[in-house]
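Chemist:
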Amino acid sequence: MDHSVAGSFASRVAGAHPRRAVENIAAGTKTWTETFRAWQNSPGHNANLLQSQADSVGVAMARNDQTRYKTFWAMVIADKSPKKKGTNFAEGNGSWGYVISENPISTIKHFICNYLC
């Protein structure tokens, strides 16, 4: 399992037309809580979780008992909102440039962290 499974990440999310998207993957963790905590404890994965500009998220889990890790997780976090005039995104440094208040992703993150972590 890697970020290039079934093609590059960029090619896999192109059909959704995101302005920006990031991906977290994990293998071997047994529960959503364990997986989310592992991502929080990894600086790169946590930077993805904290993308303030994100307005879309998708999570998938697959299980295959015939493999070494048995359980596989993927989370895509994206900004699909229309570009706002005068907005510049900083690429490659984990920052999306500005913060939108009452972001729905923030609500999800808050719920997950308060009730599942």
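Sequential numbering from 0 applies to the sequence shown in numbering that gives the first Met the number 0. Think of the CB as a built atom: it goes at the ideal place given N, C-alpha and C, for glycine as much as any other residue.
Taking only three categories from DSSP, how would you classify residue 14?
Modeler: helix
Chemist: Alpha carbons only, please: which of 78, 71, 9 is nearest the one belonging to residue 51?
Modeler: 78
Chemist: Have a look at residue 65 and residue 14 and give me their C-alpha separation to the nearest angstrom.
Modeler: Between the alpha carbons of residue 65 and residue 14 lies a distance of about 32 Å.
Chemist: Any idea if residue 32 is buried or exposed, counting beta-carbon neighbours within 10 angstroms, 16 or more meaning buried?
Modeler: exposed
Chemist: Which one of 29, 39, 42, 54 has the shortest CA to CA distance from residue 62?
Modeler: 29
Chemist: Leaving aside the five residues before and after residue 55 along the sequence, list all residues of the same chain whose C-beta is less than 6 Å from its C-beta, in chain order.
Modeler: 77, 79
Chemist: Which full runs of the beta strand (DSSP E) of 3+ residues lie inside the segment 20-74, going along the chain?
Modeler: Counting whole runs of 3 or more residues, the segment 20-74 contains the beta strand (DSSP E) stretches 55-62.
Chemist: For the putative contact between residue 23 and residue 74, defined by C-beta atoms under 8 Å, what is the C-beta separation to the nearest angstrom?
Modeler: 5 Å
Chemist: Does the beta-carbon of residue 16 have 16 or more other beta-carbons within 10 angstroms, so that it is buried, or is it exposed?
Modeler: Its Cβ having fewer than 16 others within 10 Å, residue 16 is exposed.
Chemist: In its own chain, which residues sit with a C-beta less than 8 Å from the C-beta of residue 38, not counting the 5 before and 5 after it?
Modeler: 23, 25, 44, 45, 47, 48, 74
Chemist: For residue 57, tell me which candidate among 81, 10, 20 has the shortest Cα-Cα distance.
Modeler: Residue nearest to residue 57 within the set 81, 10, 20 is 20 (criterion: CA-CA distance).
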